[in-house]
Amino acid sequence: MAFRERRRNAEVLAALDLWSGARVLDAGCGTGALLGWLLRRGAMPVGLDPEPANLLAARERAPGVPLVAGRGEAMPFADHAFDVVVWFNALHHVPAEHLDRALAGSLRVLAPEGHLLVVEPLAEGPWFEVMRPLEDETEERRAAAAAVGRLVERGAACRIAALEWTDRVRVRDFAALRARLLAADPARATVLGRVEAELAARFARLARPAGEGLELDQPMRLDLLRPARPSSHSRHEAVT
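By this note's numbering, the letter at position 129 of the sequence shown is numbered 115, and the numbering carries on one by one without gaps.
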């Protein structure tokens, strides 16, 4: 595994200086952790998620933030409605066959000078390895990364920054990890019961002491993009 600087996700996001006064779409907002963070930095966020239970939790976590039930591949917003669209730990949850549509929709709802931000966990590292018996997202994460690459390759967007770093997940012990996994998704209970011994063995091998608990590294990647500007030739053709 390549060396990457150890930083917290929030630290990396804050350094981008995109947020104050910006209309921000949190695509795949989940239970609203990022929405609250955005509010504290002066943004005007909107949350989008397909799961009613997630939106209910997000409403409690970020009161007053507009929340919309919907899928990223069918963005229910007007053109140019946002200054920033963020996919934070979310793009790989979009089915592979809908990834291109989700990213195209993200560009559609962006202002011409807006930013598309994709932050994804890489398919490597101790946290990923611990989670593999329960949820192996290798192919999903690779598909999401490939879709971002295609967006740039076909000229729909320009990549203005890319960054990799190592975040960390902290828990008190394996029992706390187990409780955390089930709280995030109670439907995991059946599979967790089958793989718990393997998951516990990986946790014991890969977790390292940190304060009063333990931590596991998770490599991350950020891609910051802008909608491509039409060439002068294209603009000329559009008006002739």
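Note that beta-carbon positions come from the ideal geometry of N, C-alpha and C, so glycine has one too.
Item	Value
Local conformation of E37 per DSSP, three classes	coil
Buried versus exposed, by CB contacts within 10 Å (16 or more), E125	exposed
V80 versus G14 - alpha carbon distance	9 Å
DSSP state of A170 mapped onto helix, strand, coil	helix
Neighbourhood of L192 by C-beta distance below 7 Å, restricted to the same chain and skipping five residues each side	P112, E115, V116, L202
Buried or exposed (CB count within 10 angstroms, at least 16 for buried), S92	buried
Residue burial classification, T176 (beta-carbon count within 10 angstroms, cutoff 16)	exposed
Beta-ladder partner(s) of M206, from DSSP	P107, W151
Reference L178, options R164, A170, L34, closest by Cα	R164
DSSP-derived helix/strand/coil call for V4	In the sequence as presented, Val is not what sits at residue 4; that position holds Leu. Three-state DSSP puts L4 in coil, outside helix and strand.
Chain-order list of residues whose beta-carbon lies under 8 Å from that of S220 (same chain, five-residue window excluded)	At S220 the pLDDT is 47, less than 50, meaning the model places this residue with poor confidence; the figure from the coordinates comes in the next sentence. So no residue of the chain qualifies.
Counterpart residues of W73 in DSSP-defined beta bridges	A13, V104
Nearest-angstrom beta carbon gap, V104 and M206 [assumed within contact, 8 Å]	Wrong, their Cβ atoms sit about 11 Å apart, outside the cutoff.
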